[in-house]
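Just so we're aligned: the sequence shown equals residues 1 to 215 in UniProt numbering.
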Amino acid sequence: MPLSEIQTRVAAAATAAGRAPGAVQLIAVSKVQPLTRVVAVLEQGHRLFGENYVQEAQGKWPDLRARFGAVQVHMIGPLQTNKAKVAVDLFDAIHTLDRPSLAEKLARLAQDRGTCPQLFVQVNTGAEPQKTGVLPADADAFIATCRAMDLPLAGLMCIPPEGTDSTPHFTELAAIAARNGLAGLSMGMSSDFEAAIAAGATHVRVGSAIFGARA
Ligand SMILES: *Cc1c(COP(=O)(O)O)cnc(C)c1O
1 MPLSEIQTRV AAAATAAGRA PGAVQLIAVS KVQPLTRVVA VLEQGHRLFG
51 ENYVQEAQGK WPDLRARFGA VQVHMIGPLQ TNKAKVAVDL FDAIHTLDRP
101 SLAEKLARLA QDRGTCPQLF VQVNTGAEPQ KTGVLPADAD AFIATCRAMD
151 LPLAGLMCIP PEGTDSTPHF TELAAIAARN GLAGLSMGMS SDFEAAIAAG
201 ATHVRVGSAI FGARA
């Protein structure tokens, strides 16, 4: 699907939800896509991308930033603590802060560098054992822990279980964010971004609908 069509759908969903068209940021998820497809989207003027793997992003974005200028790249995949240093140099935001050890590492890096990417706490709203993210019941305490470390929390992120209605998960994430005074909601992918926007998403992460199926 062309990028412009997704942009139109994002804006329409925002309007339908009574929100400003610019209230939702479209993150084009470019993980494991052929470079030609990524370049095509950059050439159309898009400047916000999501990646899942530190090493892949490291091999791609320094060159693309040199060619296309200021591009924001957000980390949306699980982050190993030993890759945190590379990640803070590479990414403008990290959506997958999910454990105290990573928070501590990021806080140390932030102190050393005097700056830190925007952070989203990932919540495992479906309590799926194979997924990362804090459990909903632990979210308030973890958010408080991160704030005590002076980490710049922008919001929350979730990936609802496959094959279920995403809306209850989006609603729960929005409720946790609201009671903790967090404005950012990273939720919604190719199959459910309009439902996410209806539930208050500020960042939707759309991959295959923009770039085509991943190999
Ligand atoms: C891959 C991925 C996406 C994009 O998925 P699509 O279904 O291709 O839109 C969004 N969020 C996360 C966390 C992902 O890993």
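Here a beta-carbon is modelled for each residue, glycine too, at the ideal position from N, C-alpha and C.
Anticipated Cβ contact below 8 angstroms, residue i with residue j, distance rounded
{"i": "G184", "j": "F120", "result": "6 angstroms"}
{"i": "A23", "j": "T202", "result": "7 angstroms"}
{"i": "K31", "j": "E5", "result": "Rounded, the Cβ-Cβ distance is 21 angstroms, inconsistent with contact."}
{"i": "R37", "j": "G200", "result": "30 angstroms between Cβ atoms; not a contact."}
{"i": "I197", "j": "A20", "result": "Not a contact, Cβ separation roughly 12 angstroms."}
{"i": "M1", "j": "I210", "result": "7 angstroms"}
Inter-residue spacing [alpha-carbon to alpha-carbon] between residue i and residue j
{"i": "M75", "j": "T81", "result": "13 angstroms"}
{"i": "S208", "j": "V29", "result": "8 angstroms"}
{"i": "A66", "j": "C116", "result": "22 angstroms"}
{"i": "V71", "j": "G126", "result": "32 angstroms"}
{"i": "A148", "j": "A107", "result": "10 angstroms"}
{"i": "Q93", "j": "R214", "result": "Note that residue 93 corresponds to Ala in the displayed sequence, not to Gln. Taking the straight line joining both Cα atoms gives about 23 angstroms."}
{"i": "K131", "j": "A17", "result": "30 angstroms"}
{"i": "L97", "j": "A103", "result": "7 angstroms"}
{"i": "V54", "j": "G163", "result": "28 angstroms"}
{"i": "S186", "j": "L109", "result": "24 angstroms"}
{"i": "S101", "j": "A40", "result": "38 angstroms"}
{"i": "S190", "j": "Q33", "result": "15 angstroms"}
{"i": "T8", "j": "E194", "result": "11 angstroms"}
{"i": "E128", "j": "R99", "result": "16 angstroms"}
{"i": "A154", "j": "L182", "result": "6 angstroms"}
{"i": "D138", "j": "H169", "result": "16 angstroms"}
{"i": "D192", "j": "A174", "result": "15 angstroms"}
{"i": "L79", "j": "D165", "result": "27 angstroms"}
{"i": "V206", "j": "G188", "result": "7 angstroms"}
Simplified DSSP assignment, three categories, for residue i
{"i": "V41", "result": "helix"}
{"i": "Q72", "result": "strand"}
{"i": "E128", "result": "coil"}
{"i": "E51", "result": "strand"}
{"i": "V10", "result": "helix"}
{"i": "Q111", "result": "helix"}
{"i": "Q25", "result": "strand"}
{"i": "H46", "result": "coil"}
{"i": "L35", "result": "helix"}
{"i": "R67", "result": "helix"}
{"i": "A80", "result": "According to the sequence shown, residue 80 is Gln rather than Ala. In this structure, Q80 counts as coil in the three-state DSSP scheme."}
{"i": "S208", "result": "helix"}
{"i": "T171", "result": "helix"}
Cutoff 6 angstroms; reference residue i; Cβ partners in own chain excluding five residues on either side
{"i": "V10", "result": "V24, L26"}
{"i": "Q44", "result": "L3"}
{"i": "Q105", "result": "For clarity, residue 105 is Lys in the given sequence; the question names Gln instead. T81, A84."}
Residues near residue i in its chain [Cβ-Cβ closer than 7 angstroms; skip 5 each side]
{"i": "Q58", "result": "V86, L90"}
{"i": "H46", "result": "L3, A28"}
{"i": "P136", "result": "V123, T125, E172, I176"}
{"i": "P161", "result": "G126, E128"}
Bridge partner(s) assigned by DSSP for residue i
{"i": "S30", "result": "BP columns for S30 are empty, so no partner."}
{"i": "S186", "result": "M157, H203"}
{"i": "F120", "result": "G155"}
{"i": "V134", "result": "V123"}
{"i": "A93", "result": "H74, Q118"}
Same chain only: Cβ atoms within 8 angstroms of residue i, ignoring 5 sequence neighbours per side
{"i": "residue 218", "result": "The requested residue 218 is not part of the displayed model; the chain covers only 1 to 215."}
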